[in-house]
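Report on the following structure.
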Amino acid sequence: MLESQRKKLTEHTGKYLSIGITGDGAPRRSVWVPWHSTGNACNMRTPQIYLAPADLTDEALWAELSRFHINGCYIFCPLEDYGFLNRLTELEDLCIRSGGALRSLRFLRNMPDWFHLHVEDAVLEDLDDLYPDGPRKGVHSVCVCLSGCQVGDISALVHPDIWLSELVILMPQGSADKDRWKDIRCGKYTYHEYRV
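Mapping of the sequence shown onto the numbering used here: position 59 corresponds to residue 468, and the numbering continues sequentially without gaps.
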């Protein structure tokens, strides 16, 4: 962990904390906002403290982080292991960029309060882990962005009682995947294809 980030962590007095993970532990200057709605964008839990991948195995650091309600996690670099996410049971906002090694969203089962999910490049058999117990009652506006992900069965989201605030699907040019997602109930559906 960079000394500047360790100092920020030591001096952090709030109850809530959002973490970012970059390849070198250096802070990012900006965070991409996938959400159309200003309200959804304002509810993002953008990082306050940044870690490096090596920090994720530091038990002393995890003990220090346990003082806080960690409500956001933004991963900006590829990781080999996402198991540490099982520790973050209070997450509301999760962003995984460069998630090519990600094969499951099972950790979401331990995060009952998530409402923003942005995943990039994952290969997922299904989306069953988003709502393992069916629709949730009285929750925040739920937003899902899947960017460049290969997803098999999406039927877990095609449910009359599941309503997303926003669904954003970004796919490589030529994917022609737009119609597959149209039966998911949401306030705003955005589909774009990008050049590879």
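Just so you know, even glycine gets a beta-carbon here, dropped at the ideal spot from N, CA and C.
The alpha helix (DSSP H) enclosing residue 413, as first and last residue numbers = The residue labelled residue 413 in the question sits at position 4 within the sequence shown. Looking at the DSSP string, the run of the alpha helix (DSSP H) that includes residue 413 is 412 to 420.
request  = Identify, in the order they occur along the chain, each residue of the same chain with its Cβ nearer than 6 Å to the Cβ of residue 493, setting aside the five sequence neighbours on each side.
outcome  = Stepping through the sequence shown from its first residue, residue 493 is reached at position 84. Excluding sequence neighbours, residue 493 sits near 465.
task = Starting from the C-beta of residue 443, find all residues in its chain whose C-beta is less than 7 Å away, skip the five residues before and the five after it, and write them out in chain order.
result = What you label residue 443 is simply residue 34 of the sequence shown in a count that begins at 1. Closer than 7 Å at the Cβ level, and outside the excluded window around residue 443, lie 527, 554, 577.
Boundaries (first-last residue) of the alpha helix (DSSP H) holding residue 596 = Walking along the sequence shown from the start, residue 596 turns up at place 187. Not the alpha helix (DSSP H): residue 596 falls in the beta strand (DSSP E), residues 595 to 603.
task = Check residue 507 in the structure and name its three-state DSSP category.
result = On the sequence shown, residue 507 is found 98 positions in, with the first residue counted as 1. Reduced to three states, the DSSP call for residue 507 is coil.
task = Could you pull the start and end residues of the beta strand (DSSP E) that residue 480 belongs to?
result = Within the sequence shown, residue 480 is the residue found at index 71, counting from 1. Residues 478 to 484.
key: Secondary structure of residue 499, DSSP reduced to three states   = Along the sequence shown, one-based indexing puts residue 499 at 90. Residue 499: coil per DSSP, three-state reduction.
key: Neighbourhood of residue 570 by C-beta distance below 7 Å, restricted to the same chain and skipping five residues each side   = For the purposes of this step, residue 570 is taken as the residue at position 161 of the sequence shown. Correct list, in chain order: 544.
inquiry  = Can you tell me whether residue 377 is buried or exposed? The criterion is at least 16 other CB atoms within 10 Å of its CB, across all chains shown.
reply    = For the chain, the structure presents residues 410 to 605; residue 377 sits outside this window and is missing.
ask   = Taking contact to mean at least 3 C-beta pairs separated by less than 8 Å, is the segment 465 to 476 in contact with the segment 417 to 436?
value = yes
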